[in-house]
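Undergrad:
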Amino acid sequence: MGDFLISGTAADGCLRIIGAETTAAVNRAQSIHHAAPTAAAALGRVLTGAILMAKELKNDADRLTLQVKGRGPIGGITAVSRISTRNGAAGNLDGIFVKGYAENPYADLPLRASDGKLDVGGIVGKGFLSVILDLGLKEPYTGSVPLLSGEIAEDLSYYYAVSKQVPAAVSFGVLIDRDLSIRKAGGFLLQLLPGAPDKLITELEARISSMPSVTTLLNAGASMENILEDIAAGYAPDLSSKIPCAYSCDCSRTRMEQALCSIGKEELRRILEEDHGAEICCHFCGMKYQFSEKELESLL
Ligand SMILES: [Zn+2]
29 MGDFLISGTA ADGCLRIIGA ETTAAVNRAQ SIHHAAPTAA AALGRVLTGA
79 ILMAKELKND ADRLTLQVKG RGPIGGITAV SRISTRNGAA GNLDGIFVKG
129 YAENPYADLP LRASDGKLDV GGIVGKGFLS VILDLGLKEP YTGSVPLLSG
179 EIAEDLSYYY AVSKQVPAAV SFGVLIDRDL SIRKAGGFLL QLLPGAPDKL
229 ITELEARISS MPSVTTLLNA GASMENILED IAAGYAPDLS SKIPCAYSCD
279 CSRTRMEQAL CSIGKEELRR ILEEDHGAEI CCHFCGMKYQ FSEKELESLL
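Going by my numbering, the letters in the sequence shown line up with residues 29 to 328, in that order.
This is the structure we're talking about:
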C-alpha cells in the first residue's frame with residue numbers, strides 16, 4: 029500500500045492529530061540519493077515532517093520547505109512539500125507530494141552507545157531548523173529556531189512552541205533494513221488548540237513516552253489509524269481524513285532555465301565561453317538537463 033496522511037481532531041476539537049506513513053516516499057528518496065543509514069534516517073525524518081506540515085498548504089502552487097541546517101557531517105537537509113487539490117479548489121486536498129535531499133547523503137556514524145539508535149543528532153549537529161511557507165503571497169512566511177538536539181522531531185516540536193506558540197508533540201521514525209532499504213517510516217504531529225485542558229498535553233506526552241516507537245508499532249503490524257486512536261483514546265478521536273502521499277519531483281526544463289538565468293549574465297557568459305554548454309542535475313531527483321551552446325546563448 030502507498031503512503032498516506034491521516035488527520036482529524038479529538039478532545040472536542042482542542043487537539044489536532046496528523047499522522048503519516050511515509051515508507052514508500054523515504055524508500056524512493058533512499059534509492060535516488062543512495063544515503064548511508066544515519067543520513068537516510070535524518071532525511072526520512074525531514075521528509076516525514078514536510079508531509080505532516082503539508083496541511084498548512086491551500087493551493088496547488090503553494091510550497092512548504094522544511095530545512096535543517098546543522099554543522100554536522102550531513103550538512104543541510106531540505107524537504108519541500110506541495111499538494112494537489114480537486115479541481116484546483118482550495119480546501120479540496122486530494123494528494124500530497126514531497127521531495128528532499130541532504131547535502132552529504134553519505135554521512136554516517138556508529139550507532140549511539142547510550143541507546144543503540146542511529147545517531148541522527150550526531151550527523152546533524154548544532155544549527156537551525158527553518159520553515160518557509162510560500163502561499164503565493166508577496167513574501168513567504170519564514171520561521172526559524174535553533175536546533176535543540178538535531179533529532180528533528182524534538183526540534184520541530186520546539187519550532188511549534190516558539191514560532192507558532194502552539195504546544196505540539198512530534199514523533200518520527202525511520203526503520204532501516206539490513207539491505208539498507210527502508211522497512212518502515214512514519215510519524216505524527218499533535219497540536220493543542222486554544223481551549224485545550226492543561227492536563228491534556230501532559231497526559232499525551234506520558235502516553236507517547238510510554239509507548240514503543242512509531243516504526244516499532246508499524247513494523248509489528250499496527251496501522252497508523254490504530255496508533256493515533258490509541259494516543260487519543262478517551263478523547264473521542266475523529267480521524268476522518270485520509271490523503272495519499274508520494275515522493276515526486278516537480279523539476280522541469282523551464283525551471284532549470286530559470287535557475288540558469290538567476291546566476292546572472294556574466295556567469296552565464298563565462299560558462300558559455302569555458303564549457304560551451306551546461307549540464308544541470310536536479311538535487312531532488314537526480315534528473316540531468318543538458319543545455320547546448322546555442323541554448324545558453326538564447327538565455328543571454
Ligand atoms: Zn527533479
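In this text, a Cβ means the ideal position worked out from N, Cα and C, and glycines have one as well.
Any contact of the stretch 44–56 with the stretch 98–107, i.e. 3+ C-beta pairs under 8 Å?
TA: No, they do not touch.
Undergrad: Quick one: residues in its chain with C-beta nearer than 7 Å to the C-beta of Y129, no 5 flanking neighbours on either side, listed in chain order?
TA: Counting only Cβ-Cβ distances below 7 Å, and skipping sequence neighbours, we find H61, T106, H311, F312.
Undergrad: With distance defined between alpha-carbon atoms, name the residue in G155, A64, G30 nearest to K97.
TA: The shortest C-alpha separation from K97 is found at G155.
Undergrad: Using a threshold of 8 Å, state whether the C-beta atoms of K83 and S35 are closer than that.
TA: Yes, they are a contact pair.
Undergrad: Here's the rule: buried if 16 or more other CB atoms are within 10 angstroms of the residue's CB, otherwise exposed. What is Y134?
TA: With fewer than 16 Cβ atoms within 10 Å of its Cβ, Y134 is classed as exposed.
Undergrad: Applying the 10 Å Cβ sphere with the 16-neighbour rule, what's the burial state of N254?
TA: Per the 10 Å Cβ criterion, exposed.
Undergrad: Is the separation between the beta-carbon of V194 and that of L220 shorter than 8 Å?
TA: Cβ distance < 8 Å, so V194 and L220 count as in contact.
Undergrad: At the level of alpha carbons, what is the spacing between S290 and K166?
TA: Between S290 and K166, the C-alpha separation is close to 19 Å.
Undergrad: Specify, as a first and last residue, the run of the beta strand (DSSP E) that P272 falls within.
TA: Residues 266–275.
Undergrad: In three-state DSSP terms, what is T50?
TA: If DSSP states are grouped into helix, strand and coil, T50 belongs with coil.
Undergrad: Would you be able to state if there are at least three C-beta pairs under 8 Å between the stretch 143–157 and the stretch 172–184?
TA: At 8 Å Cβ cutoff, the stretches touch.
Undergrad: Please report the distance separating the alpha-carbon of L92 from that of A141.
TA: About 35 Å.
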